[in-house]
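Working notes for the structure below.
Residue numbers (our numbering): 415 to 720.
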């Protein structure tokens with residue numbers, strides 16, 4: 415099942431890959447950096463805790479879960495009204511009603527540039543309009559999304575609190591912003607303001623405590639020596655390659671790698687791979703764009719665009 419959100423750094427590309435360990439044997443699924451929830455929707459666990467520090471994101475998930483009919487009605491209004499003037503009017507609004515807030519969030523996600531989530535220092539969403547005109551997708555069924563979320567606890571919470579609640583029988587899929595110890599890359603510099611290296615260390619400590627309680631771990635992270643060194647004593651490392659289309663020059667496009675770090679997972683059985691359609695090039699580009707710079711609840715996104 416595809417997620418209903420597009421999110422920078424999303425893992426739709428990984429959902430159909432054999433490198434993703436089987437999640438079938440675990441009693442509960444934990445995801446402390448929710449984003450689009452691509453692995454959750456692909457795996458459809460029987461019980462889950464989904465968390466993020468982005469309050470608007472978590473509110474949307476909960477509205478989809480318990481008020482999907484009302485949300486769909488609001489989205490139909492956005493669909494019928496969508497144009498450039500309407501987009502910027504909705505972007506400037508601050509709804510008081512939770513369903514209006516959720517529909518605004520989803521509308522902006524689907525019609526802004528590359529599905530980015532970015533706010534300025536005042537906490538105002540400032541991504542310009544994109545090229546997509548569809549607000550409701552053909553054949554889309556919000557009831558299906560609501561059903562998929564029905565067994566999940568969805569909460570606003572820091573990753574450390576979420577992971578400290580994990581134990582035996584749980585599996586945590588962890589996809590943090592990709593920050594490394596030393597790097598001249600501009601995106602990494604942005605990350606230092608959003609998810610610092612000290613947060614990576616705090617995450618490592620949280621993961622180590624979780625493994626000692628018997629929680630299985632699947633983590634994706636930057637394939638960088640500083641990250642590999644950080645986790646080398648507690649998690650098993652492998653490198654996963656994927657297509658990258660971020661560069662404006664076709665000659666510079668190719669493959670990139672991400673680190674997969676695991677503990678206590680079952681490599682003997684693969685996840686079913688026939689559920690989702692392969693991600694398109696545009697979806698991969700959206701995953702590439704600002705890979706991991708959006709530590710979801712941050713209010714310090716770079717204001718590079720109007």
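All C-beta atoms, glycine included, are put in the ideal place defined by N, C-alpha and C.
Asked	Found
Runs of alpha helix (DSSP H) lying entirely within the region 454-485, each at least 4 residues, in chain order	469-480
Through-space distance from residue 630 to residue 678, alpha-carbon basis	5 Å
For residue 588 and residue 446, believed in contact at Cβ under 8 Å, the rounded distance	6 Å
Three-pair Cβ contact test at 8 Å for the region 551-570 versus the region 465-476	yes
Residue 585, enclosing beta strand (DSSP E) - first and last residue	584-588
C-alpha distance - residue 554 paired with residue 639, whole-angstrom precision	42 Å
Residue 594 (DSSP reduced to helix, strand or coil)	coil
Rounded C-alpha distance that separates residue 626 from residue 634	20 Å
Per-residue burial, residue 655 [other beta carbons within 10 Å of its own, 16 or more giving buried]	exposed
Closest by C-alpha distance to residue 581, when choosing among 494, 422, 443	443
Contact set for residue 512: own chain, Cβ-Cβ below 7 Å, skip 5 residues either direction	473, 477
Counted within 10 angstroms of its Cβ, other Cβ atoms place residue 502 as buried (16 or more) or exposed	exposed
At least three beta-carbon pairs within less than 8 Å, the region 505-523 to the region 475-489	yes
DSSP three-state assignment for residue 642, whether helix, strand or coil	helix
Under the three-state DSSP convention, the category residue 572 falls into	coil
Residue 674 in three-state terms, based on DSSP	strand
Contact between the region 488-508 and the region 431-438 (3+ Cβ pairs under 8 Å)	no
Residue from 504, 642, 561, 536 with nearest C-alpha to residue 543	504
Rounded straight-line distance, which links the Cα of residue 641 to that of residue 610	13 Å
Same chain, Cβ closer than 6 Å to residue 559, neighbours up to 5 away in sequence not counted	418, 478
Residue 555 - DSSP class collapsed to helix/strand/coil	coil
Rounded straight-line distance, which links the Cα of residue 454 to that of residue 441	14 Å
Buried/exposed call for residue 613, threshold 16 Cβ in 10 Å	buried
Residue burial classification, residue 691 (beta-carbon count within 10 angstroms, cutoff 16)	Any reading at residue 691 needs caution, since the residue's pLDDT is 48, under 50, leaving its predicted position unreliable; the model's value is listed next. So residue 691 counts as exposed.
Exposed unless 16 or more other CB atoms sit within 10 angstroms - verdict on residue 591	buried
Sub-9 Å separation of residue 650 and residue 616 beta-carbons	no
Whole-angstrom distance between residue 643 and residue 549, CA atom to CA atom	43 Å
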